[in-house]
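According to this note's numbering, the sequence shown is numbered sequentially starting from 10. Idealized CB from N, CA, C, for every residue including glycine.
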Amino acid sequence: MSREDEQRQALKTAGLDTLAVRAGQVRSAEGEHAEAMFLTSSYVFDSAADAAARFKGDVPGNVYSRYTNPTVRMFEERLAAMEGGEQAVATSSGMAAILSICMAFLKAGDHIVCSRSVFGSTTVLLNKYLARFGVTTTYVDLKDLAGWKAAITPATKLFFMETPSNPMSEIGDIAGLATLAKQHNILLAVDNCFCTCALQKPLALGADLVIYSATKYIDGQGRCLGGAVVGNKALTEEVVGFLRSAGPTMSPFNAWVFLKGLETLRLRMEAHSANAMRLAEWLQQQPAVERVHYAGLPSHPQHALAKQQQSAFGGVLAFEVKGGREQAWHVIDSTRLMSLTANLGDAKTTIVHPATTTHGRLSDEERAAAGIGQNLIRIAVGLESVEDLEADLQRGLGALS
Ligand SMILES: *Cc1c(COP(=O)(O)O)cnc(C)c1O
Numbered sequence: 010m011s012r013e014d015e016q017r018q019a020l021k022t023a024g025l026d027t028l029a030v031r032a033g034q035v036r037s038a039e040g041e042h043a044e045a046m047f048l049t050s051s052y053v054f055d056s057a058a059d060a061a062a063r064f065k066g067d068v069p070g071n072v073y074s075r076y077t078n079p080t081v082r083m084f085e086e087r088l089a090a091m092e093g094g095e096q097a098v099a100t101s102s103g104m105a106a107i108l109s110i111c112m113a114f115l116k117a118g119d120h121i122v123c124s125r126s127v128f129g130s131t132t133v134l135l136n137k138y139l140a141r142f143g144v145t146t147t148y149v150d151l152k153d154l155a156g157w158k159a160a161i162t163p164a165t166k167l168f169f170m171e172t173p174s175n176p177m178s179e180i181g182d183i184a185g186l187a188t189l190a191k192q193h194n195i196l197l198a199v200d201n202c203f204c205t206c207a208l209q210k211p212l213a214l215g216a217d218l219v220i221y222s223a224t225k226y227i228d229g230q231g232r233c234l235g236g237a238v239v240g241n242k243a244l245t246e247e248v249v250g251f252l253r254s255a256g257p258t259m260s261p262f263n264a265w266v267f268l269k270g271l272e273t274l275r276l277r278m279e280a281h282s283a284n285a286m287r288l289a290e291w292l293q294q295q296p297a298v299e300r301v302h303y304a305g306l307p308s309h310p311q312h313a314l315a316k317q318q319q320s321a322f323g324g325v326l327a328f329e330v331k332g333g334r335e336q337a338w339h340v341i342d343s344t345r346l347m348s349l350t351a352n353l354g355d356a357k358t359t360i361v362h363p364a365t366t367t368h369g370r371l372s373d374e375e376r377a378a379a380g381i382g383q384n385l386i387r388i389a390v391g392l393e394s395v396e397d398l399e400a401d402l403q404r405g406l407g408a409l410s
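Structure, rendered in structure tokens:
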């Protein structure tokens, strides 16, 4: 056995941290230690016969980077190993991952059941574009298993959920929904952006597909857009087929950034979670804070479920200040350190007013149903010293109480 084969063998029983730094790496003839970035759109063949064989698929090998690229492949292999899936498929963004599963598995007349509190662009994609091709969507309360069941029709082909939800930290029961989905021959896709495989493993809980925006915690430093779909070989091959024809594949440069991001993902997720936990506990004690929404708090109504299916609670929390929009804006505008942006999953803490930004498109009734008041602030807690984050919020909160 070659040394490379021996290493591949050893990785079969390796733990998450070992997979994070070693899984999927293939060295070139140069013997580079770090993963190489293959910035090439196409590949050369040994002969006309070799070209014919590779095009036909008789001989494995690269043809064109919309189909395969060695750096993208390394990212896919590493993510699949960490997630515990047979195969991962990389996409140009998180939205491209969501589009690609819709295109791979749905046709006119089919029906989706989706949790109400999903990422805003997901709602637009389903309501405006998928609907145009005859695919309809019913939105349900993430937490309400009976509601999911009641929404099923004979045409339902896909359950789509995001847990924990943004910004309210609601938790969906992945195992419960997986059982329901299986009973009705429905695919369950879980958007795992907020926890990542470092904290939550939807496939092990029975989900069919895991969806990523790699733009968030997998990058972790806010540099690149990308996404992925993870699942068994048969399902992900359907996604591969769509991507090769339609083209929203991942660039090798971005794949290289994400590949290196995976190496520190667990360490970062635990640090984000620890910082968020401390900040949530601190916020709960501030007189100007009415309520804190974070599944890590024992007072969270779904704390037990979160604890059961996650190993920690992630970096995103929300809180309500006493008062309304004016008071919330005051707290946001009084910060100096935090970045005032809607992005999340970054080493730098971000702060945003959901009611007038990320959830500004919703009607007042929809916002009220989602519990997103004018006094709500969302924080995606970064990796700074938590004392500095507290001081940054104290400046505005102190003036309110
Ligand atoms: C950002 C995000 C997406 C979309 O990902 P992009 O990479 O921005 O296309 C999807 N789902 C969730 C939960 C997200 O946070």
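Candidates the options: closest to residue i by CA position
i    : options                   : result
F169 : L186, D55, N175 and A155  : L186
P79  : V301, L212 and S260       : S260
G118 : T165, V81 and E95         : T165
I161 : K191, S178 and L134       : K191
D150 : A60, A379 and N384        : A379
L346 : Q18, L212 and S394        : S394
H120 : R370, T258 and A140       : A140
S109 : L28, G250, F262 and S348  : G250
V144 : L115, D342 and K331       : L115
A410 : I107, V330 and A106       : A small correction: the amino acid at residue 410 is Ser; Ala does not occupy that position in the sequence shown. Selected option, being the one with the closest Cα: V330.
S348 : S308, A264, V219 and L398 : L398
K152 : R370, L406 and H312       : H312
For residue j and residue i, the rounded distance between their alpha carbons
i    : j    : result
A304 : T132 : 24 Å
S282 : W291 : 14 Å
T245 : L196 : 12 Å
A389 : I360 : 7 Å
V340 : R12  : 57 Å
S102 : P310 : 33 Å
V266 : E85  : 13 Å
A408 : L306 : 26 Å
C111 : T205 : 21 Å
T172 : D55  : 49 Å
A289 : R300 : 10 Å
Q96  : T358 : 32 Å
P211 : S320 : 12 Å
T224 : M10  : 38 Å
E15  : T27  : 15 Å
L385 : Q336 : 10 Å
G354 : R232 : 11 Å
D67  : L20  : 28 Å
A23  : E39  : 26 Å
A57  : V219 : 40 Å
Under 8 Å between C-beta atoms of residue i and residue j
i    : j    : result
Y138 : R253 : no
L208 : L154 : no
V199 : I183 : yes
V325 : N175 : yes
R287 : L392 : no
V30  : A237 : no
P72  : R63  : Position check: residue 72 holds Val in this sequence, whereas Pro was assumed. For V72 and R63, yes; Cβs fall inside 8 Å.
H302 : M177 : yes
S130 : M104 : yes
A159 : R87  : no
G229 : G256 : no
V248 : A113 : yes
G93  : F203 : no
G235 : T100 : yes
T366 : L402 : no
Exposure of residue i, with buried meaning 16 or more beta-carbon neighbours within 10 Å
i    : result
V298 : buried
F328 : buried
R275 : buried
Y221 : buried
F142 : exposed
P69  : exposed
V53  : exposed
D373 : exposed
Q295 : buried
A400 : exposed
E375 : exposed
D59  : exposed
P363 : buried
S126 : buried
N241 : exposed
T258 : buried
D342 : exposed
In DSSP terms, what residue i is bridged to
i    : result
D200 : E171 and I220
V238 : V98 and I220
C123 : Y148 and F169
Y303 : None, per the DSSP bridge assignment.
V298 : V330
A389 : V325 and T359
L134 : DSSP lists no partner for L134.
Residue i Cβ short of 7 Å to ligand 3 heavy atom set
i    : result
S222 : The ligand content of the structure shown is limited to ligand 1, which means ligand 3 is not among them.
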